[in-house]
Amino acid sequence: MKAETTLAIVGLGGIAGAHRGAADELPAVRLAAGVDPNPDKRAAFAEQAGAAVYDSVQSMLDDRAMRDRLDGVVLCTPPAVRAELIEPLLAEGIGVLMEKPLAHSVEHAHQLIALAERSPGVAFRVAYCHRFTPAVVEMNRRIETGGFGELVRFENTFACWHPAMRDHWMSDTSVSGGGSLIDTGSHGLDLFHFLCGPSRLEGVIRHHGWPGRGDSNATLLVAAGPEDAAIAGVLNSGWAEPVRFTLTVVGTKGLLSYDYEKPAELVFKPSEGEAQVLSIETHEVRFARQLEAFAQLLAEPGSASGLCTLTEASAVTEVLAGQPAVAG
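Residue numbering for the sequence shown follows the working numbering, starting at 749 and increasing by one per position.
Structure follows, in structure tokens:
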């Protein structure tokens, strides 16, 4: 990796703060710019990050001094407006780490993949940050080494009491493509693909507690593997229920379970014997680890970063949209 990676954040809403905090934790990452049409958000970001601010991606690119410094961009805008922002960035050779979900529709997902294919040497990944949660990394290690035996089930709930989402753009289906399922549920489905393999949709139940908006609560059932030995995935998402952020992977030899409200504990329960509480790094490191992986990818194009690829992210979009194709 070169001595310093220089980044900008495009879209200065709530999630941008997590990426700004991650950059602050990484001495080799320099946050040089922020972009947002809202002047109040620009002013707050300039004060917090000590960075230059612009009202559009184009105005940032028109500043050639800034353009020549930038290695990459973290894109935090709503899905429906991304293509027009990404195209000039990729054309300039600036890498993109884009917040999930990839797109608000399957058609838009394919459009973004086509854009990336026109700039094959430029890094373009999707920020499914939970891949970098240490508990998930440990689950994946044990799955790969056979520590679970035969996998049989994946259980995930990313849900909370967040009624403000009723009026947020994320529950506007024309902008986000859905509701709680495409928001928190997409994280869970990406983790299912990451830990268990390509999925097929078996069923979905959506609860629309807010008329005219996307689903406020949902449950998704997916499967991986052959029909007679399938791994079941049960994924719950919600904005209008008590908070629960949990992940469990079950195998014939035991299970690992993680509760995000107990961030330094990973529970291993063998099929026979007593449960063990394992010490683990907190999930709070996930944004910094993800940004570090992006910086590494910018420095070494084509390296294995662990970041979600566009093909993998498109698979999430397709399954959530009810597409019959197996995720790739």
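By construction, the Cβ of each residue, glycine as well, lies at the ideal position given by its N, Cα and C atoms.
Taking every protein chain shown into account, the CB of residue 960 has fewer than 16 other CB atoms within 10 angstroms, so this residue is exposed. Shown here, residue 794 sits in a helix according to DSSP, grouped into three states. By the beta-carbon neighbour count (other beta carbons within 10 angstroms, threshold 16), residue 812 is exposed.
Residue pairing from DSSP places residue 1024 in a beta bridge opposite 1016.
Between residue 815 and residue 797, the CB-CB gap reaches or exceeds 8 angstroms.
Counting along the chain, the unbroken beta strand (DSSP E) around residue 955 starts and ends at 948–955. For residue 824, there is no enclosing beta strand (DSSP E), as DSSP gives it neither H nor E.
Distances from the CA of residue 956 to each of 948, 919, 981 were compared; the closest alpha carbon is that of 919. For residue 888, there is no enclosing beta strand (DSSP E); the enclosing alpha helix (DSSP H) covers residues 882–892.
Rounded to whole angstroms, the Cβ separation of residue 864 and residue 923 is 22 angstroms, and the two are not in contact under 8 angstroms. For residue 985, the enclosing beta strand (DSSP E) begins and ends at 979–986. Nearest neighbour of residue 963 by Cα position, chosen from 989, 939, 977, 979, turns out to be 989. Secondary structure at residue 975: helix, using DSSP grouped into helix, strand and coil. Excluding sequence positions up to five before and after residue 1008, its CB lies within less than 6 angstroms of the CB of 993, 1031, all in the same chain and listed in chain order.
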